[in-house]
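Please read the structure below before turning to the comments.
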Amino acid sequence: MYHATRTLLRVTAVILSLTVLVATGPARAVTLLRDADIEYSLKQLGAPVLRAAGLSPNQIRILVIDDSTLNAFIVDTQHIFIHSGLLTKLETAAQVQAVIAHEAAHIANGHISRRLGNMRTARTAAGLGMVLAAAAAAAGNGQAAVGLGIGLQSSAMRNFLAHTRAEEASADISSIRYLVRAGVDPQGAIEVQDLFRGQEVLAETRQDPYMRSHPLSRDRLRALKGLVAGASAKTAPDPGANYWFARAKGKLTAFTRAPGWTLRRADASGTSDIAQMRKAVAYHRQSDLGRALQNIDAAISSRPNDPFLRELKGQILLESRRAPEAVKVYSAAARLAPREPLILGGLGRAQLAAGNPKDALRTLEAARGRDFSDTRILRDLAVAYAKTGQTAMASLVTAERYAVQGRFKDAAIHAKRAEGALARGSGPWQRAQDVLSAAQRAGQR
C-alpha cells in the first residue's frame, strides 16, 4: 500500500553504543514514501550492484524520501535513501543503478563507518544535529534496537552527510567497477553527474542537495569519464532492470503527479501491466472506481502471481469503503508475499475496517515483527489492541510510534501509562522502559 509516513531517519544497531549527541537545533522529520511495490522494484535494481560491491541485498534497504529535490545519501550501513525528485528525474535503469552503486561504494569503502566511529568526539567540533529518536524492541526477541533521529536542516548535519573529494573519487572508482561487474552500462554514472553539471558555481542555497553532499568538480567529472571510457566490459540493456525501473517510476509518478498527467502518458510505460497499473491509480485518485478496478484486474490477469498488483487492488477497495472485499484481496496478496510487512499492514488495516479486530491484531503483530519502525503499522496495531481490550499494549505501541516520530513528550506519557499496567519485568514492560529511557535522554540534549 502506497502511503507516506512522517518519521525521523533512523541509524540502527551499528551504533548501539553511541551516547546522545548535543543537537544544534530541532530535528526535522522527513516523510518516507512507503510502498512495497516500489521498494521491491528498487531492490531488484540494486541487488546485482550490491552483490558486486560485496554487500548483501537483504541487509540494505533502498527507501524513497518524499522530497522533490535531487539527492541520494546514506546515514548508516543498512539504508540507501533516494529522494523522489531524483527518482522521477532519472530516465533509465542504468542511471538508478549508478546512484545505488555510488552510495554502495561509500558503504563498502567504510566512509560512513568512519564517521559513525568518530561521533563521540564530534560533540563540539561538528555539532551534529542528532538526537536519540526511538528505543523499540527488535522483532521477536525483546532486544532493544536504538535509532537516531537526524535533523537534516542543520549545517552540521550537512557536514555529516557530505563526503570529501577524496571519498568521492574513491567511490567513483569503486562504483564503476561494481557496475561493470554487474553487467550494467557505466555510462549511467556520467549521465547522473551531467544532471548537476554547472551547479558547483552556484550559491549553496541554489544547489541541489546532492551537490552539497557529493562535491562535483570539472576534474572529478573528467576522471569519471576516463573511468567509464576505460571500462572494458561490453554491456547490453537488461530487460529485467528496465521493467523494474519503469514500474517503480511509473507507480511513484502515478501517485505524485496529477491523474490527467498519468493518463496521458500511461500507454508509453513499456508494458501493458505497468500501463494498466498506472491507469488504475489515476482513476482511483479521480474516484472512478469502475475504471480503476477494470485496469487493475487487467494487470492482475497478465501477472496473476504478482502480490503487489493485488495489494494495489486491496488499497483501491479499502479506500473506496469496500473493506470486506479488500480483506479478500489483501489476503490473496499476503499468501503470495507472507513476509512483506507493508502488505500485512494493509491486510490488518482492512480487517479493522471490516470489523475484525482479533484477526487484525494477529496480522498487525506479524507486520510489526517484520518492520517495527513503520508508524502506520504501529498506529493500526494500537487501534487493534484497544478494540480487543488490551489498553496497556495500545498505550505501549502508541508510545513507540511517538518515539519513532521524535515526539518524546507524548511518547513518555503513553509509555508511563503502559508501564503502570504491564507486568514488571515482562517483554512489553521492558519496551516501555526503552521508550522512557529514550525520552529522558532526548530531554537532556
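In case it helps, this note's numbering puts the sequence shown at residues 794 to 1238.
Ideal Cβ placement from N, Cα and C applies to all residues, glycine included.
* Asked: Do residue 858 and residue 872 have their C-beta atoms closer together than 8 Å?
  -> no
* Can you have a look at residue 1220 and say buried or exposed, based on whether 16 or more other CB atoms are within 10 angstroms of its CB? => exposed
* **Straight-line Cα distance separating residue 826 from residue 1218** => Straight-line Cα distance between these residues: approximately 36 Å.
* To do: Rounded to whole angstroms, what's the CA-CA distance from residue 846 to residue 898? Just pull it up for me.
  => 7 Å
* Determine the contact status of residue 855 and residue 1045, defining contact as a CB-CB distance below 8 Å. => No.
* Inter-residue spacing [alpha-carbon to alpha-carbon] between residue 971 and residue 1214 -> 53 Å
* To do: Could you name each continuous alpha helix (DSSP H) segment of 4 residues or more that falls completely within the stretch 1106-1189, going from the start of the chain to the end?
  => 1116-1129, 1134-1146, 1150-1163, 1168-1180
* Asked: For residue 887, which residues from the same chain have a beta carbon less than 6 Å from its beta carbon, with the 5 sequence-adjacent residues on both sides left out?
  -> 977, 978, 981
* Asked: Over what stretch of residues does the beta strand (DSSP E) that includes residue 1263 continue unbroken?
  -> Residue 1263 lies beyond the stretch modelled for the chain, which goes from 794 to 1238, so this question has no answer here.
* To do: Starting from residue 1046, follow its DSSP beta bridges and name the residues at the other end.
  => Under DSSP, no beta-bridge partner is assigned to residue 1046.
* Determine the DSSP secondary structure at residue 1101, reduced to helix, strand or coil. => Secondary structure of residue 1101 (DSSP, three-state): helix.
* Pull up the distance between the alpha-carbon of residue 1121 and that of residue 882, whole angstroms please. => 37 Å
* Asked: Just checking, does the stretch 1181-1189 make contact with the stretch 1197-1204 on the three C-beta pairs under 8 Å criterion?
  -> no
* Around the Cβ of residue 1094, are there at least 16 other Cβ atoms within 10 angstroms (buried) or fewer (exposed)? -> Exposed.
* **CA-to-CA distance, residue 1170 to residue 1096, given in whole angstroms** => 27 Å
* **Alpha-carbon spacing of residue 839 relative to residue 1031, whole angstroms** => C-alpha separation (whole angstroms): 13 Å.
* Asked: Roughly how many whole angstroms lie between the Cα atoms of residue 1138 and residue 1111?
  -> 12 Å
* For the alpha helix (DSSP H) that residue 1206 lies in, which residues bound it at each end? -> 1201-1214
* By DSSP, does residue 996 sit in helix, in strand, or in coil? -> With a pLDDT of 43 at residue 996, under the threshold of 50, the modelled position of that residue is not reliable, and the figure given next carries that caveat. The answer is coil: DSSP assigns residue 996 none of H, G, I, E or B.
* DSSP three-state call for residue 916: helix, strand or coil? -> In this predicted model, residue 916 has a pLDDT of only 32, less than 50, meaning its place in the structure is not dependable enough to derive any value.
* To do: For the alpha helix (DSSP H) holding residue 900, just list the boundary residues, first then last.
  => Per DSSP, residue 900 belongs to the alpha helix (DSSP H) from 886-901.
* Between the CA atoms of residue 1230 and residue 1071 - distance to the nearest angstrom -> 45 Å
* Report yes if the C-beta distance between residue 1178 and residue 1140 is below 8 Å; otherwise report no. => Inclusion of residue 1178 and residue 1140 in the CB contact set at 8 Å is not warranted, their separation being larger than that value.
* Candidates 1047, 1125, 879, 866: closest to residue 895 by CA position -> 866
* Asked: Taking the continuous alpha helix (DSSP H) assigned at residue 831, which residues delimit it?
  -> 829-845
* **Close beta carbons around residue 1085, own chain, < 6 Å, minus the five adjacent residues each side** => 1073, 1076, 1077, 1109
* Verify whether the separation of the beta carbon atoms of residue 842 and residue 893 is less than 8 Å. => yes
* To do: Give me the Cα-Cα distance between residue 1055 and residue 1130, rounded to the nearest whole angstrom.
  => If you take the alpha carbons of residue 1055 and residue 1130, they lie about 28 Å apart.
* To do: Output yes or no for whether 8 Å exceeds the beta carbon distance between residue 1126 and residue 1104.
  => yes
* Asked: Among the residues of its own chain, which have a CB less than 7 Å from the CB of residue 1062, if the five just before and after it don't count?
  -> 1039, 1043, 1068, 1071
* Minimum C-alpha distance to residue 1099 - residue among 1060, 1151, 1123, 1115 -> 1123
* With a CB to CB cut of under 6 Å and the five nearest residues on each side skipped, what residues in its chain are close to residue 861? -> 878
* Asked: Excluding sequence positions up to five away, which residues of its chain have a Cβ less than 7 Å from the Cβ of residue 1233?
  -> So the list is empty, once near-sequence residues are dropped.
* To do: Take the Cβ of residue 1022 as the centre, count every other Cβ of all protein chains shown within 10 Å, and call the residue buried at 16 or more, exposed below.
  => By the 10 Å Cβ count, residue 1022 comes out exposed.
* What residues match up with residue 866 in a beta bridge as DSSP calls it? -> 874
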